[in-house]
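Read through the structure below, which is laid out as structure tokens, and then see the notes.
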Amino acid sequence: MVDPEFKSLTYLSPTGMVGGGFTEEHFINALDRDLAFIGCDAGSCDGGPSYLGANEHFGSRAAVKRDLAILLRAARKLDIPLLIGSCGGSGGNWNVDWMFDILKEIAAEEALKPFKTALIYSEPDRDLLVEKFHDGKLAPLNAAPPVSETALRDAVRVVGMMGAEGFQAALGAGADVVLAGRATDASIFAAIPLLRGFDPGLVWHAAKIMECGGAAVTKLDRPEGMLCTLHQDRFVLEPVSPVQKCSPTSIASHALYETGDPFEMREPSGILTLQNAVYEAVDDRSVVVSGSGFRKAPYSIRLEGAEIAGYRAVVIGGIRDPILLARFDAFMASAQTDIDHGVVASFGEDIAGDYQLTYRAYGRDGVLGQREPLRDQVGHEIGLFISVVAKTQETANAIASLAAHRILHHSVPEWTGLVSNLAFPIAPHVIPTGAAYRFMLNHAVFLDDPLELFDLQYRMVNA
Amino acid sequence: MTQLGTIASLMRSKNAGPFELTIDIMFDGPADFERVIASGVVNDKDIGALLGIEPQLVKVHHYPPAHAIKVTMPRPVSVGDPGDSDLFGGQLFGPLVTLDIPD
Numbered sequence: 017m018v019d020p021e022f023k024s025l026t027y028l029s030p031t032g033m034v035g036g037g038f039t040e041e042h043f044i045n046a047l048d049r050d051l052a053f054i055g056c057d058a059g060s061c062d063g064g065p066s067y068l069g070a071n072e073h074f075g076s077r078a079a080v081k082r083d084l085a086i087l088l089r090a091a092r093k094l095d096i097p098l099l100i101g102s103c104g105g106s107g108g109n110w111n112v113d114w115m116f117d118i119l120k121e122i123a124a125e126e127a128l129k130p131f132k133t134a135l136i137y138s139e140p141d142r143d144l145l146v147e148k149f150h151d152g153k154l155a156p157l158n159a160a161p162p163v164s165e166t167a168l169r170d171a172v173r174v175v176g177m178m179g180a181e182g183f184q185a186a187l188g189a190g191a192d193v194v195l196a197g198r199a200t201d202a203s204i205f206a207a208i209p210l211l212r213g214f215d216p217g218l219v220w221h222a223a224k225i226m227e228c229g230g231a232a233v234t235k236l237d238r239p240e241g242m243l244c245t246l247h248q249d250r251f252v253l254e255p256v257s258p259v260q261k262c263s264p265t266s267i268a269s270h271a272l273y274e275t276g277d278p279f280e281m282r283e284p285s286g287i288l289t290l291q292n293a294v295y296e297a298v299d300d301r302s303v304v305v306s307g308s309g310f311r312k313a314p315y316s317i318r319l320e321g322a323e324i325a326g327y328r329a330v331v332i333g334g335i336r337d338p339i340l341l342a343r344f345d346a347f348m349a350s351a352q353t354d355i356d357h358g359v360v361a362s363f364g365e366d367i368a369g370d371y372q373l374t375y376r377a378y379g380r381d382g383v384l385g386q387r388e389p390l391r392d393q394v395g396h397e398i399g400l401f402i403s404v405v406a407k408t409q410e411t412a413n414a415i416a417s418l419a420a421h422r423i424l425h426h427s428v429p430e431w432t433g434l435v436s437n438l439a440f441p442i443a444p445h446v447i448p449t450g451a452a453y454r455f456m457l458n459h460a461v462f463l464d465d466p467l468e469l470f471d472l473q474y475r476m477v478n479a
Numbered sequence: 524m525t526q527l528g529t530i531a532s533l534m535r536s537k538n539a540g541p542f543e544l545t546i547d548i549m550f551d552g553p554a555d556f557e558r559v560i561a562s563g564v565v566n567d568k569d570i571g572a573l574l575g576i577e578p579q580l581v582k583v584h585h586y587p588p589a590h591a592i593k594v595t596m597p598r599p600v601s602v603g604d605p606g607d608s609d610l611f612g613g614q615l616f617g618p619l620v621t622l623d624i625p626d
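Residue numbers (the numbering used here), protein chains in the order written: chain D, 17 to 479; chain Z, 524 to 626.
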């Protein structure tokens with residue numbers, strides 16, 4: 017049932033990620049559209065597991081502060097909710113606090129009137145998670161690694177991706193600004209429209225497009241925002257930038273981006289179904305969508321977790337000797353025997369399972385490795401990337417140094433005497449890169465209550 | 524014969540979550556889209572063989588609203604794993620570009 021008061025609802029997504037940037041002038045011009053709220057995603061797991069594991073943000077604090085300041089100013093001036101999901105990149109507790117620090121700094125600098133901020137922490141209690149595991153409530157998703165109680169307890173960090181209910185609970189408690197930990201991107205934009213009774217198929221489909229800001233345009237030369245107006249039987253998308261355009265194809269194409277299946281997408285409360293979605297042009301820059309469906313399913317959220325795989329050191333070296341390049345595989349096999357011998361001589365036989373040494377031969381098969389169909393075609397140069405992951409940083413540095421040195425001077429049968437086979441572009445040539453993390457969960461956890469793994473807290477800012 | 528990359532308006536690959544990889548092959552209109560589907564070249568068995576993935580784990584979707592073919596498969600290792608060669612999965616579509624499509 018749509019509340020008759022809300023026949024339509026318009027909201028704004030200023031950019032695909034807080035810190036990604038947008039043109040302030042275009043954003044300001046979009047504010048006079050009677051907005052119900054402003055939402056923005058702030059995260060991604062694209063950057064790999066290390067940001068989640070290491071309590072770091074993958075971007076620049078200055079860029080995040082710049083975007084957040086513009087959003088906060090606008091939302092407080094209009095007195096509409098500002099919803100941010102997956103704070104600080106990976107949505108861990110540290111990341112939420114990091115974002116909150118920036119928010120407080122802005123509020124103080126701009127002397128904003130007091131407002132209420134909800135902080136939603138999304139690192140589940142490990143005992144509760146283990147209990148769910150033993151109760152059979154964890155289900156592996158596609159290609160999930162095996163999970164165990166030990167793995168759940170030992171993980172450096174685990175986050176749960178909240179649904180719309182987290183934002184709804186915070187708004188229900190009177191929050192003006194919601195800084196959420198890890199959340200599904202679409203839940204940021206679905207929370208308020210669902211509360212107002214709009215059709216879940218349309219709500220989730222619109223949210224799925226809006227989470228990327230204005231990315232679903234025909235030509236994306238710089239990140240900008242998107243406006244969405246929901247009606248009872250359709251939604252309309254319009255780019256914020258006057259020079260950007262949406263077309264039915266650009267909007268429909270967005271269902272392909274970073275998704276495994278373009279027709280069905282899982283959200284915590286069910287499955288968005290796009291088999292009957294219809295995309296039509298309103299004019300040369302706006303698109304109307306209808307026919308999107310939603311099928312309820314047992315409530316579950318996806319878990320992400322990072323564990324330490326070891327500590328890494330890397331070396332980059334170029335090979336330009338045509339004689340060596342002509343017999344590259346045989347040379348590397350021979351050098352490897354020499355390296356193995358050297359490692360055992362330094363660390364003893366027990367080191368064998370405690371480190372992982374990998375090579376990438378750029379110029380031949382650096383990207384695809386053994387799966388490269390053209391790996392027998394060697395050009396005039398190879399960039400050799402050597403990576404060592406070991407139990408300690410010291411061991412990783414030592415093995416990387418040893419491997420580089422052995423390859424540097426390993427004999428080439430056609431040459432007589434001492435050779436130097438690698439061109440190192442920097443000194444020192446061994447680069448310690450710190451802890452190496454690994455994603456160790458791709459599981460859904462079925463919940464009795466959408467909020468049971470999340471911790472909602474409230475803070476008055478500038479009070 | 525025409526190479527797939529010459530017919531497609533965009534070919535790209537990207538992570539679909541930390542454990543899956545998805546390849547999008549997009550066309551300007553229904554004619555090219557239908558032509559490539561009719562050729563049967565983009566199928567789970569051959570793409571699996573080309574990229575070294577078991578064919579039953581490769582899913583091919585035809586997506587008419589954007590004249591696109593999507594091919595989704597497990598990543599050989601998860602995003603950012605010590606054995607991973609492509610953090611964003613952005614370059615793993617390469618071998619598909621030169622697939623021959625019969626005229």
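Yeah, the Cβ is synthetic: ideal placement off N, Cα and C, and Gly gets one too. These figures come from a predicted structure and were not determined experimentally.
At a Cβ threshold of 9 angstroms, is residue i touching chain Z?
{"i": "residue 455/D", "result": "yes"}
{"i": "residue 277/D", "result": "yes"}
{"i": "residue 372/D", "result": "yes"}
{"i": "residue 301/D", "result": "no"}
{"i": "residue 195/D", "result": "no"}
{"i": "residue 289/D", "result": "no"}
{"i": "residue 458/D", "result": "yes"}
{"i": "residue 174/D", "result": "no"}
{"i": "residue 265/D", "result": "yes"}
{"i": "residue 385/D", "result": "yes"}
{"i": "residue 130/D", "result": "no"}
Measure the Cβ-Cβ separation of residue i and residue j and say whether it is below 9 angstroms.
{"i": "residue 194/D", "j": "residue 51/D", "result": "no"}
{"i": "residue 414/D", "j": "residue 283/D", "result": "no"}
{"i": "residue 86/D", "j": "residue 40/D", "result": "yes"}
{"i": "residue 454/D", "j": "residue 603/Z", "result": "yes"}
{"i": "residue 168/D", "j": "residue 106/D", "result": "no"}
{"i": "residue 306/D", "j": "residue 250/D", "result": "yes"}
{"i": "residue 585/Z", "j": "residue 550/Z", "result": "no"}
{"i": "residue 334/D", "j": "residue 422/D", "result": "no"}
{"i": "residue 439/D", "j": "residue 336/D", "result": "yes"}
{"i": "residue 46/D", "j": "residue 256/D", "result": "yes"}
{"i": "residue 618/Z", "j": "residue 384/D", "result": "yes"}
{"i": "residue 30/D", "j": "residue 56/D", "result": "yes"}
{"i": "residue 293/D", "j": "residue 304/D", "result": "no"}
{"i": "residue 132/D", "j": "residue 477/D", "result": "yes"}
{"i": "residue 179/D", "j": "residue 317/D", "result": "yes"}
{"i": "residue 37/D", "j": "residue 79/D", "result": "yes"}
{"i": "residue 587/Z", "j": "residue 553/Z", "result": "yes"}
Determine, for residue i, whether the minimum Cβ-Cβ distance to residues of chain B falls below 9 angstroms.
{"i": "residue 256/D", "result": "In the displayed structure, chain B is absent; the protein chains listed are D and Z."}
So that I know if they touch, is there some Cβ in chain D lying closer than 9 angstroms to that of residue i?
{"i": "residue 617/Z", "result": "yes"}
{"i": "residue 620/Z", "result": "no"}
{"i": "residue 577/Z", "result": "no"}
{"i": "residue 625/Z", "result": "no"}
{"i": "residue 581/Z", "result": "no"}
{"i": "residue 528/Z", "result": "no"}
{"i": "residue 595/Z", "result": "yes"}
{"i": "residue 539/Z", "result": "yes"}
{"i": "residue 531/Z", "result": "no"}
So who's on the other strand from residue i, going by DSSP bridges?
{"i": "residue 526/Z", "result": "623/Z"}
{"i": "residue 596/Z", "result": "544/Z"}
{"i": "residue 453/D", "result": "324/D"}
{"i": "residue 538/Z", "result": "544/Z"}
{"i": "residue 244/D", "result": "27/D and 253/D"}
{"i": "residue 583/Z", "result": "594/Z"}
{"i": "residue 105/D", "result": "59/D"}
{"i": "residue 371/D", "result": "406/D"}
{"i": "residue 137/D", "result": "471/D"}
{"i": "residue 477/D", "result": "131/D"}
{"i": "residue 460/D", "result": "155/D and 318/D"}
{"i": "residue 116/D", "result": "For residue 116/D, which the question treats as bridged, DSSP gives no partner whatsoever."}
{"i": "residue 54/D", "result": "28/D and 98/D"}
- Name the residues in the region 545-574 of chain Z whose C-beta lies less than 8 angstroms from a C-beta of chain D; which are they? Of all residues in the region 545-574 of chain Z, those with a C-beta nearer than 8 angstroms to a C-beta of chain D are 545, 547, 549, 573 and 574, reading in chain order.
task: Taking a Cβ distance cut-off of 8 angstroms, strictly less, list which residues of the region 58-77 of chain D are near chain Z, in chain order.
output: Taken in chain order, the members of the region 58-77 of chain D whose beta-carbon sits within less than 8 angstroms of a beta-carbon on chain Z are 61, 62, 63, 64, 65 and 66.
**Request:** Report the residue ranges of all beta strand (DSSP E) runs contained in full by the region 274-353 of chain D; include only those spanning at least 3 residues, in chain order.
**Result:** Taken in chain order, the unbroken stretches of beta strand (DSSP E) that lie wholly in the region 274-353 of chain D and span 3 residues or more are 280-283, 286-289, 294-297, 303-306, 309-312 and 316-335.
Open item on the list: Quick check for students: name the residue ranges of the alpha helix (DSSP H) that lie wholly in the region 375-447 of chain D, counting only runs of 4 or more.
Closed with: Correct list: 409-425.
Would you list, in chain order, the members of the region 142-162 of chain D that have their beta-carbon closer than 9 angstroms to a beta-carbon of chain Z? Shown in chain order are the members of the region 142-162 of chain D whose Cβ falls below 9 angstroms from a Cβ of chain Z: 157, 158, 159, 160 and 161.
Report the start-end ranges of each beta strand (DSSP E) in the region 155-223 of chain D that is 3 residues or longer and not cut off at the edges.
If only uninterrupted beta strand (DSSP E) runs of at least 3 residues are considered, those enclosed by the region 155-223 of chain D are 173-176 and 193-196.
Worksheet item: Listed from N- to C-terminal order along the chain, which residues in the region 98-113 of chain D have their beta-carbon within a distance smaller than 8 angstroms of any beta-carbon of chain Z?
Response: Here the close residues number zero.
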